[in-house]
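Colleague:
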Amino acid sequence: MPTVTDILVRDLAPDLILTGGRVVTMDPDLPEATALAVKDGHILAVGGDVAIEELAGPGTQRFALGGRLTIPGIIDTHNHMISMGTVLNEVQLYAARSIDEIKELVADRVRTSPPGAWILGRGWDESLLADKRFPNRHDLDEVAPNNPVVLDRVWNMLLANSAALQAADVGRHTPDPPADALYAGRIERDERGDPTGIFRDRAKELIKRAVPVPT
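Just so we're aligned: the sequence shown equals residues 504 to 718 in the working numbering.
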């Protein structure tokens, strides 16, 4: 990155200057600055407000960040930024080691949620539970009778309570989704043929389609 002197000597006046912020530079020698200069869509320089202001030319636009955090543009062909933001608002079940612990975590969220609000969570793994069985919708119904609950497993499965099944219009007579060449799905059922609340692979979409889009 050119120095302030380089820019002045070479007449590289920036198109845009941002000042008064918290600029994450990704440079270990200067991890954070308050201002940056941009030219032709690229970061030209970072530093303090005064030093960066000295680079301005007659055509330079200015924008005051007002203390806001500013990060470089992220170029990544496989990132999950939006989903990560969503996940952070969900009930975290990765440390749960029993069905009772799952229920307690869900119950905590129920207490701070209005009746009817969807409760989402993720991270349970039946192989780590002391109960040595899959949780089911009746387990969740005990702590969330009036809130639809959908809990994603670590990977290819989810658990839904009765309120979520009702909202998704899924019941005894709902067929498993058709399989294609790559992907199948199954609704786990009890001895009466009713869904247990466990939905595998493609069957997850039968529930997911009813979950409101985050706003």
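Think of the CB as a built atom: it goes at the ideal place given N, C-alpha and C, for glycine as much as any other residue.
1) Compute the Euclidean distance between the alpha carbons of residue 621 and residue 545, then round it to the nearest angstrom.
2) Indicate the three-state DSSP secondary structure (helix, strand or coil) for residue 459 in the structure shown.
3) Please classify residue 529: does DSSP put it in a helix, a strand, or coil?
4) Look at the Cβ atom of residue 520, then the Cβ atom of residue 533, and state whether they are nearer than 9 Å.
5) Note down the Cα distance separating residue 654 from residue 541, rounded to an integer number of angstroms.
6) My parser needs the alpha helix (DSSP H) runs of 4 or more residues fully inside the stretch 569-626; what are they?
7) Looking at the secondary structure, which residues open and close the alpha helix (DSSP H) in which residue 640 lies?
8) Between the alpha carbons of residue 634 and residue 640, how many angstroms are there, rounded?
9) For residue 523, which option in 517, 535, 645, 569 has the closest C-alpha, if you only look at C-alpha atoms?
10) How far does the alpha helix (DSSP H) with residue 708 in it reach, from first residue to last?
11) Can we say the stretch 615-629 touches the stretch 678-686, given the rule of at least three CB pairs closer than 8 Å?
12) Just to confirm before moving on: does the CB-CB distance between residue 701 and residue 662 stay below 9 Å?
13) Return yes when the Cβ of residue 647 is within less than 9 Å of the Cβ of residue 710, no when it is not.
14) Can you list the alpha helix (DSSP H) stretches of 4 or more residues lying completely in the stretch 533-569, in chain order?
15) Measure how close the beta-carbons of residue 609 and residue 657 come, nearest whole angstrom, since I'm counting them as under 8 Å.
16) Please state the DSSP three-state secondary structure of residue 512.
17) Assign residue 665 to one of two classes, buried (16 or more other C-beta atoms within 10 Å of its C-beta) or exposed (fewer than that).
18) So the alpha helix (DSSP H) residue 685 belongs to, where does it begin and stop?
19) With 9 Å as the threshold, decide whether the Cβ of residue 588 is near any Cβ in chain D.
20) Taking C-alpha atoms, which residue in 571, 618, 526 lies nearest to residue 551?
21) In three-state DSSP terms, what is residue 632?
Modeller: Inspection of the coordinates gives the following:
1) By 1-based counting over the sequence shown, the position of residue 621 is 118. By 1-based counting over the sequence shown, the position of residue 545 is 42. A direct Cα-to-Cα measurement between residue 621 and residue 545 gives close to 42 Å.
2) In the structure as shown, the chain starts at 504 and stops at 718, and residue 459 therefore has no counterpart that could be examined.
3) Locating residue 529 in the sequence shown gives position 26, counting from the first residue. Of the three classes helix, strand and coil, the one that applies to residue 529 here is coil, per DSSP.
4) Position 17 of the sequence shown, counted from the start, is the residue given in the question as residue 520. Position 30 of the sequence shown, counted from the start, is the residue given in the question as residue 533. Taking 9 Å as the Cβ cut-off, residue 520 and residue 533 do not qualify as a contacting pair.
5) Here the question's residue 654 lines up with position 151 in the sequence shown. Here the question's residue 541 lines up with position 38 in the sequence shown. When rounded, the distance between both Cα atoms is 44 Å.
6) You should have 584-590, 602-614.
7) Locating residue 640 in the sequence shown gives position 137, where the first residue counts as 1. 640-646 is the extent of the alpha helix (DSSP H) around residue 640.
8) In the sequence shown, residue 634 corresponds to position 131, counting from 1. In the sequence shown, residue 640 corresponds to position 137, counting from 1. Going from the Cα of residue 634 to the Cα of residue 640 covers about 15 Å.
9) Here residue 523 refers to the residue found at position 20 of the sequence shown. The shortest Cα separation from residue 523 among 517, 535, 645, 569 belongs to 569.
10) On the sequence shown, residue 708 is found 205 positions in, with the first residue counted as 1. Under the DSSP assignment, residue 708 falls in the alpha helix (DSSP H) whose first and last residues are 707-711.
11) no
12) Residue 701 sits at position 198 when you count from the first residue of the sequence shown. Residue 662 sits at position 159 when you count from the first residue of the sequence shown. The Cβ atoms of residue 701 and residue 662 sit closer than 9 Å to each other.
13) Here residue 710 corresponds to residue number 207 of the sequence shown, with the count starting at 1. Here residue 647 corresponds to residue number 144 of the sequence shown, with the count starting at 1. At least 9 Å separates the beta-carbon of residue 710 from that of residue 647.
14) 552-556
15) Within the sequence shown, numbered from 1, the residue matching residue 609 stands at position 106. Within the sequence shown, numbered from 1, the residue matching residue 657 stands at position 154. Not quite, the Cβ-Cβ distance comes to about 17 Å (not below 8 Å), so this is no contact.
16) The residue you call residue 512 lines up with position 9 of the sequence shown. Legend: pLDDT at residue 512 = 43, less than 50; position of this residue unreliable, value from coordinates given subsequently. Correct three-state label for residue 512: helix.
17) As a working mapping, residue 665 is identified with position 162 in the sequence shown. Under this definition residue 665 is a buried residue.
18) For the purposes of this step, residue 685 is taken as residue 182 along the sequence shown, with counting starting at 1. Where residue 685 is concerned, there is no enclosing alpha helix (DSSP H), given that its DSSP letter is neither H nor E.
19) This model lacks chain D altogether; it includes just one protein chain.
20) As a first step, residue 551 must be located in the sequence shown, where it is residue number 48. Of the listed residues, the one whose Cα sits closest to residue 551 is 526.
21) As a working mapping, residue 632 is identified with position 129 in the sequence shown. Looking at residue 632 - three-state DSSP - the assignment turns out to be coil, as it is neither helix nor strand.
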